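What follows is a short report on a single structure.
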Amino acid sequence: MGKFLVVDDSLTMRRIVVNALKTQGIEDVIEAADGKDAVAKILSEGAQFVITDWNMPEMNGLELAKWLRTNPQYENIPILMVTTRGNKDDVIEAMKARVNNYIVKPFTPQGLKEKIDQILKTVELKSA
Amino acid sequence: MDNSIIQSSQIPDEQFPRDNGAGSLKDFIHLLHEIVPLLENVRNSIEESSHRIPKASKQLSKVTQETEDATVEILNVLEAMTARITSAETHLQRLKSIIQNSKDSAKRIAEKLLASSSETGGYSSAELTTLVVNEFIAGIDGSEAIPSIEDVLRKTREDSMNIAMALQVQDIASQQIASVAHTIESVEVQLVRALNRFENGSAGDIADDNADETPAPARAFDVDARYGGSEERQDIADEIVKQFSTNK
Numbered sequence: 001m002g003k004f005l006v007v008d009d010s011l012t013m014r015r016i017v018v019n020a021l022k023t024q025g026i027e028d029v030i031e032a033a034d035g036k037d038a039v040a041k042i043l044s045e046g047a048q049f050v051i052t053d054w055n056m057p058e059m060n061g062l063e064l065a066k067w068l069r070t071n072p073q074y075e076n077i078p079i080l081m082v083t084t085r086g087n088k089d090d091v092i093e094a095m096k097a098r099v100n101n102y103i104v105k106p107f108t109p110q111g112l113k114e115k116i117d118q119i120l121k122t123v124e125l126k127s128a
Numbered sequence: 001m002d003n004s005i006i007q008s009s010q011i012p013d014e015q016f017p018r019d020n021g022a023g024s025l026k027d028f029i030h031l032l033h034e035i036v037p038l039l040e041n042v043r044n045s046i047e048e049s050s051h052r053i054p055k056a057s058k059q060l061s062k063v064t065q066e067t068e069d070a071t072v073e074i075l076n077v078l079e080a081m082t083a084r085i086t087s088a089e090t091h092l093q094r095l096k097s098i099i100q101n102s103k104d105s106a107k108r109i110a111e112k113l114l115a116s117s118s119e120t121g122g123y124s125s126a127e128l129t130t131l132v133v134n135e136f137i138a139g140i141d142g143s144e145a146i147p148s149i150e151d152v153l154r155k156t157r158e159d160s161m162n163i164a165m166a167l168q169v170q171d172i173a174s175q176q177i178a179s180v181a182h183t184i185e186s187v188e189v190q191l192v193r194a195l196n197r198f199e200n201g202s203a204g205d206i207a208d209d210n211a212d213e214t215p216a217p218a219r220a221f222d223v224d225a226r227y228g229g230s231e232e233r234q235d236i237a238d239e240i241v242k243q244f245s246t247n248k
């Protein structure tokens with residue numbers, strides 16, 4: 001499954017997401033406090049799956065998604081947006097930035113698992 | 001405020017004959033005399049409010065910090081609980097394995113006893129031994145107790161996970177607080193601007209009203225962040241994601 005990167009400026013949220021991933025057997029997880037930190041972590045440690053919040057200082061989640069998609073090395077990296085922003089326009093904007101899926105906070109571990117499975121299934125189908 | 005205006009209102013009435021419009025001037029001066037203290041009160045209120053706002057913002061930041069600290073403490077406890085549940089589940093698995101091994105070895109002993117006894121032709125003591133061993137196996141059978149313990153552990157694990165998930169409220173509440181704090185800070189900017197206008201006169205200040213001097217928020221936030229109703233919003237999001245996936 002590879003390394004997961006959890007990006008959120010809230011320490012609480014990072015821990016909640018990381019714990020939820022652990023219940024799914026996903027142990028290889030690194031964390032970043034905002035988009036800028038995430039870019040630095042991706043460049044230095046690499047990641048195969050990004051779970052990101054939207055509202056963050058320095059570089060927000062949408063900007064991070066756009067950065068990844070314009071970088072040939074990371075243009076296909078799965079991105080799951082987990083955010084409080086649940087307006088229609090927000091989701092459309094995120095999808096236009098080519099995030100793979102979208103979760104509105106607060107989420108459930110089952111909801112997170114479903115979205116990760118959906119993304120991984122699509123990625124597998126594409127690479128098959 | 002220039003007190004000379006107030007003093008000029010003390011001019012006796014006879015110096016303002018009504019036929020040259022001086023009565024209106026006198027009324028105006030009287031009006032000023034009444035308005036000036038009111039304006040002074042307004043100015044003092046604005047000044048006091050503008051001094052209180054930074055304190056209010058600080059208090060909100062403190063609330064956010066304290067709730068985050070408390071949430072981290074709760075998460076620490078929950079993670080420790082989860083680790084203990086995992087440890088208990090591991091011990092339980094080990095116990096199940098020990099019981100199974102004991103049963104298997106007891107069965108083997110019984111079989112050997114029976115076999116050795118049949119060679120010598122004496123069955124009664126062997127049959128008795130087998131009976132004892134079988135009773136022993138029945139005694140150590142944890143088939144009822146162990147699943148119950150496993151069920152309790154599973155439910156406790158689920159509960160601790162649900163508590164952890166509910167702590168998402170801290171992130172959402174802190175965004176709501178950040179939004180309120182930002183609004184208060186924006187009001188502070190307006191109050192300070194109004195205060196400056198009182199003290200320095202209004203010339204040139206109107207143009208500044210359009211200037212965006214609102215300070216950057218202390219943390220990034222979603223103005224519409226809320227804890228409830230995420231299911232409906234998730235359904236809408238899922239529908240949009242589906243549409244985008246179909247159109248690819």
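Residue numbers (my numbering), protein chains in the order written: chain A, 1 to 128; chain B, 1 to 248. A virtual CB, placed ideally from N, CA and C, is assigned to each residue, including glycine. The model shown is predicted, which means the values in this text are computed figures rather than measured ones.
Counting every other CB atom within 10 Å of its CB across the protein chains shown gives HIS91 of chain B a total below 16, marking it as exposed. For MET1 of chain A, no beta strand (DSSP E) encloses it, and the DSSP letter there is neither H nor E. Think of a sphere of 8 Å around the beta carbon of VAL91 of chain A: the chain B residues whose beta carbon falls inside it are ILE236, ALA237, ILE240, VAL241, in chain order.
Across the set A:ASP90, A:ASP89, A:VAL104, A:PRO78, the C-alpha of A:PRO78 shows the shortest separation from the C-alpha of GLU124 of chain A.
Residue state for VAL7 of chain A is assigned as strand, using DSSP reduced to three classes.
Going by C-alpha positions, ARG43 of chain B is about 38 Å away from GLU58 of chain A. Looking at the DSSP output, VAL104 of chain A bridges to A:THR83. Taking a beta-carbon distance threshold of 7 Å, ASP69 of chain B does not count as an interface residue toward chain A. Nearest in C-alpha terms to ASN55 of chain A, of all of A:ASP90, A:ILE30, A:SER44, is A:ASP90.
Closest in C-alpha terms to LEU62 of chain A, from the list A:LEU21, A:MET13, A:LYS115, A:MET81, comes A:MET81. ALA220 of chain B sits away from THR84 of chain A, with the two beta carbons spaced by 7 Å or more.
The segment 194–201 of chain B makes no contact with the segment 107–116 of chain B; the number of CB pairs closer than 8 Å stays below 3.
Under the criterion of beta carbons closer than 8 Å, TYR102 of chain A and ALA237 of chain B qualify as touching, at roughly 5 Å.
Contacts with chain B (Cβ-Cβ distance below 8 Å) from the segment 66–95 of chain A involve THR83, THR84, ARG85, GLY86, ASN87, LYS88, VAL91, ILE92, MET95, listed in chain order. With contacts defined as CB atoms closer than 7 Å, VAL29 of chain A and VAL18 of chain A qualify as a contacting pair.
Taking 7 Å as the CB threshold, GLN168 of chain B lines the interface with chain A. In this structure, the beta-carbon distance from GLU188 of chain B to ILE35 of chain B does not fall below 7 Å.
For ARG15 of chain A, the nearest CB of chain B lies under 7 Å from its own CB, placing it at the interface with that chain. Assignment of PHE49 of chain A by DSSP, reduced to helix, strand and coil, places it in the strand class.
Straight across, the Cα-Cα distance linking SER57 of chain B with LEU195 of chain B is about 19 Å. Measuring C-alpha to C-alpha distances from SER50 of chain B to each of B:SER87, B:SER245, B:THR156, B:VAL192 identifies B:VAL192 as the nearest.
Of all alpha-carbon atoms in A:LYS22, A:GLY111, A:ALA65, A:ALA32, the one lying nearest the alpha-carbon of ALA94 of chain A is that of A:ALA65. Residues GLY2, LYS3, PHE4, LEU5, ILE30, LYS41, ILE77 of the same chain have their beta carbon placed closer than 8 Å to that of ALA47 of chain A, with the five preceding and five following residues left out of the count. Taking 7 Å as the cut-off, the Cβ atoms of ALA83 of chain B and LEU153 of chain B do not count as close. The straight-line gap separating the alpha-carbon atoms of GLY86 of chain A and GLN175 of chain B is approximately 14 Å. ALA164 of chain B and GLU232 of chain B have their C-alpha atoms roughly 22 Å apart. ALA97 of chain A sits in coil when the DSSP states are folded into three classes, being neither helix nor strand.
Closer than 7 Å to the CB of MET56 of chain A there is at least one CB belonging to chain B.
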